[in-house]
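Engineer:
Numbering (our numbering), first residue to last: 24 to 407.
1. Could you tell me which of 251, 222, 229 sits nearest to residue 236, measuring between CA atoms?
2. Do residue 119 and residue 58 have their C-beta atoms within less than 7 angstroms of each other?
3. What would DSSP say about residue 62, mapped onto helix, strand or coil?
4. Could you tell me the alpha carbon to alpha carbon distance between residue 93 and residue 114, rounded to whole angstroms?
5. Nearest to residue 220 by CA position, among 363, 33, 183, is which residue?
6. List the residues that DSSP assigns as beta-bridge partners of residue 119.
7. Do residue 324 and residue 197 come within 7 angstroms of each other at the CB atom, strictly closer than that value?
8. If I'm right that residue 373 touches residue 207 with Cβ under 8 angstroms, what's the distance once you round it to whole angstroms?
9. Any idea if residue 361 is buried or exposed, counting beta-carbon neighbours within 10 angstroms, 16 or more meaning buried?
10. Can you give me the start and stop residues for the alpha helix (DSSP H) that residue 333 sits inside?
11. Can you name, in chain order, every residue of its own chain whose Cβ lies under 6 angstroms from the Cβ of residue 356, other than the five neighbours on each side?
12. Given this structure, state the Cα-to-Cα distance separating residue 296 from residue 131, to the nearest angstrom.
13. In chain order, what residues of the same chain have a beta carbon less than 6 angstroms from the beta carbon of residue 254, not counting five sequence neighbours either side?
14. Of the choices 279, 194, 305, whose alpha-carbon is the least far from that of residue 393?
15. Do residue 225 and residue 359 have their beta-carbon atoms positioned less than 7 angstroms apart in this structure?
16. Give me whichever residues DSSP pairs with residue 246 in a beta bridge.
17. Are there three or more Cβ pairs, one per stretch, closer than 8 angstroms when the segment 124 to 139 is compared with the segment 75 to 88?
18. For my contact list, residue 258 and residue 316 are in at a C-beta cut-off of 8 angstroms; report their separation, rounded to the angstrom.
19. Figure out for me which residue from 162, 211, 95 has the closest Cα to the Cα of residue 370.
20. Could you say which of 277, 245, 53 lies nearest to residue 3 if we only look at CA atoms?
21. Could you tell me which whole beta strand (DSSP E) segments of length 3 or greater appear in the segment 186 to 230?
22. If I measure Cβ to Cβ from residue 140 and keep anything under 8 angstroms in the same chain, skipping five residues before and after, which residues do I get?
23. Check residue 351 in the structure and name its three-state DSSP category.
24. Among 135, 287, 241, which one has its Cα closest to the Cα of residue 307?
25. Taking the straight line between their C-alpha atoms, what separation do you get for residue 146 and residue 299?
26. Taking the alpha carbon of residue 319 as the point to measure from, which residue in 154, 231, 149, 166 has its own alpha carbon closest?
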């Protein structure tokens with residue numbers, strides 16, 4: 024229970040909806056104030072500048088009687104599927120806002136503190152029917168907010184902002200390391216699909232390619248064993264050390280699943296959204312489902328080199344899929360996919376470089392996880 028008084032949001036903030044979006048591209052320009060739609064929220068919370076959004080000038084705003092939502096207003100989706108996401112953004116500048124968004128302007132509460140509150144108590148908690156998602160302004164108004172003294176609110180917001188900035192910095196450093204590996208690859212081997220230096224060979228000429236299988240879900244004895252079993256949703260261009268599900272030896276024996284050794288490269292042959300073409304590298308023995316193509320290790324290639332090459336070929340590999348409404352890859356496509364094959368010494372040199380980068384990346388990843396744990400603990404301490 025909070026040590027501070029709980030106050031209705033309507034007592035400390037003004038609450039309203041945005042307004043209808045003017046129709047027609049001629050109403051938008053590079054001048055005026057940004058017009059924020061529900062679809063912009065994910066980009067805005069990811070750091071995209073409001074100034075990069077389409078703008079509405081004063082003349083158009085007067086024509087449609089648009090109201091400016093001031094800087095520090097908290098906005099989130101209140102209707103449509105967007106409100107299921109729970110994205111929350113604090114305006115960095117004065118903006119116009121679409122009618123699908125709720126606008127919470129802090130009056131007797133610090134804006135940064137209020138935004139953090141909504142990160143713990145996501146507004147999508149107020150959705151009553153997920154089949155027709157919407158959030159009533161009256162329900163938003165009745166939300167209870169712990170209200171410490173203003174100076175304490177500012178202190179809390181400043182501490183959380185500091186931790187968040189450190190988290191963002193670590194994420195940036197990790198992303199830069201990924202870019203460093205890509206840059207090193209291109210420096211060593213040149214253009215990934217149009218090299219004139221080294222030959223291209225089909226994967227089947229340097230490795231065995233197999234797929235897995237799924238034991239029957241109806242037989243309890245096939246599941247919750249000690250054999251790691253990979254699904255395509257776990258293929259996130261990552262190293263796999265453990266899996267969400269495990270199967271038994273009976274499940275393995277009575278299905279098409281096969282155990283793959285460490286250093287096997289996995290490719291998602293089909294799946295929702297961006298899944299097709301995603302990869303992983305096994306750090307330990309695992310079985311897989313039938314949607315994974317498994318490139319087994321061999322003396323003809325370095326698995327780390329080949330894995331990074333295939334990650335760089337993501338879009339090209341996806342384009343090889345066949346089928347109508349839902350194009351898929353298959354084992355034959357993977358077997359015949361051509362890859363750049365430099366001398367094994369160069370592959371090994373690249374793998375050694377990746378190993379050094381990964382050591383530094385792992386240290387930063389651990390620091391990131393510690394900061395994220397601290398951030399969550401602070402948020403719970405303040406708002407629970």
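Every residue gets a Cβ at the ideal spot worked out from N, C-alpha and C, and that includes glycine.
Structural biologist: Per the coordinate set shown:
1. 251
2. yes
3. helix
4. When the Cα atoms are used, residue 93 and residue 114 turn out to be separated by approximately 7 angstroms.
5. Here the closest residue by C-alpha is 363.
6. 58
7. no
8. 7 angstroms
9. Around the Cβ of residue 361, a 10 Å sphere holds fewer than 16 other Cβ atoms; the residue is exposed.
10. 326 to 335
11. Only 343 meet the Cβ criterion.
12. 43 angstroms
13. 312
14. The option with the nearest alpha carbon to residue 393 is 194.
15. yes
16. 270
17. no
18. That belief does not hold up - the Cβ atoms of residue 258 and residue 316 are roughly 10 angstroms apart, past 8 angstroms.
19. The shortest Cα separation from residue 370 among 162, 211, 95 belongs to 211.
20. Outside the modelled stretch of the chain, which goes from 24 to 407, sits residue 3, for which no answer is possible.
21. 223 to 225
22. Taken in chain order, the residues that qualify are 168, 169, 406.
23. Residue state, collapsed to three classes: strand.
24. Distance from the Cα of residue 307 is smallest, within the candidate group 135, 287, 241, for 287.
25. 32 angstroms
26. 231
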